[in-house]
DNA sequence: TTCTCATTTTGATAAACATCGAAATAATTA
DNA sequence: TAATTATTTCGATGTTTATCAAAATGAGAA
């Protein structure tokens, strides 16, 4: 039962839902997410670790950066079902729509070290 | 987005998951739920109000008691999908299996006023 | 090897939450 | 009407959580 409450708890925060919707479109590094969410880097990092711990995402080193992406290979079907339902539920949300516009032009070289 | 975090937050507590699984089998009053969960009446009442606020359950007066039941007519399809997924995920959970044994013999006349 | 820099961890703070017992409420029964 | 009683609300307490800034980490670049 703890595994299930951990999964639902991971989805119980606005910033984490925004992160998941963004990652469904595109793999992103911590500083790119920070530039969209406008919270501190340490907060983004903490949210990512909660989502990873729950099984929604994985991380991958890419040169200087850590790319976070949806864990498409997670064997728990609930994870994928929740991602789909969440995406559908939020498809017209104004904050989400703004976020999705931003990832089109986001550029980690410009953003990092500022 | 707040509506969605409210829904997922409602599912982020062990006692509330136990309540939902019980109500999927049988409508129950507050004191019946209390006798199974072994937490205080005010805590059960609070959990029920959170589940009701999120759209999972409704209440109905029946003589001296308030019966809580799954809101089968909630127009939000996510609610029903989450209930089904949650039930499947917890189908072999030992605490849930014990709970389900108990509702077979639970009797509100014997339980209340103790 | 040393420096740089993206990320994580730590420590602190304020807000939210789960829980309880006691008081308040409301509705049925006597 | 008065008493009973199932439930809710209130007030208090301890725990968890979201957040930030600063320090630590660790991997690539010089």
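Protein chains in written order, with my numbering: chain A, 13 to 126; chain B, 13 to 126. Built from N, CA and C at the ideal position, the CB exists for glycine as well.
Check: Within-8 Å CB hit, residue 105 (chain B) to chain A; Outcome: yes
Check: Selected residue, minimal CA-CA separation from residue 83 (chain A), among A:94, A:77, A:52, A:76; Outcome: A:94
Check: Whether residue 91 (chain A) touches residue 81 (chain A) by CB criterion (8 Å); Outcome: no
Check: The region 102-113 of chain B touching the region 32-39 of chain B, judged by at least three CB pairs closer than 8 Å; Outcome: yes
Check: Contact the region 17-28 of chain A vs the region 54-74 of chain A: 3+ CB pairs below 8 Å; Outcome: yes
Check: C-beta atoms of residue 48 (chain A) and residue 117 (chain A) nearer than 8 Å; Outcome: no
Check: Cβ-Cβ distance between residue 43 (chain A) and residue 107 (chain A) below 8 Å; Outcome: no
Check: Contact residues within the region 19-33 of chain B, judged by C-beta distance below 7 Å to chain A; Outcome: 20, 21, 23, 24, 25, 26, 29
Check: Where residue 105 (chain A) sits in the DSSP three-state scheme; Outcome: coil
Check: Sequence-distant residues of its chain with Cβ nearer than 8 Å to residue 186 (chain A) (five each side left out); Outcome: It is not possible to answer for residue 186 (chain A), since the shown part of chain A is limited to 13 through 126.
Check: Span of the alpha helix (DSSP H), counted from its first residue to its last, around residue 76 (chain A); Outcome: Note, residue 76 (chain A): premise wrong, no alpha helix (DSSP H); not H, not E.
Check: Among B:75, B:100, B:68, nearest to residue 88 (chain B) - alpha-carbon criterion; Outcome: B:68
Check: Same chain, Cβ closer than 8 Å to residue 51 (chain B), neighbours up to 5 away in sequence not counted; Outcome: 27
Check: Delimiting residues of the alpha helix (DSSP H) encompassing residue 47 (chain A); Outcome: 42-49
Check: Under 8 Å between C-beta atoms of residue 16 (chain B) and residue 17 (chain A); Outcome: no
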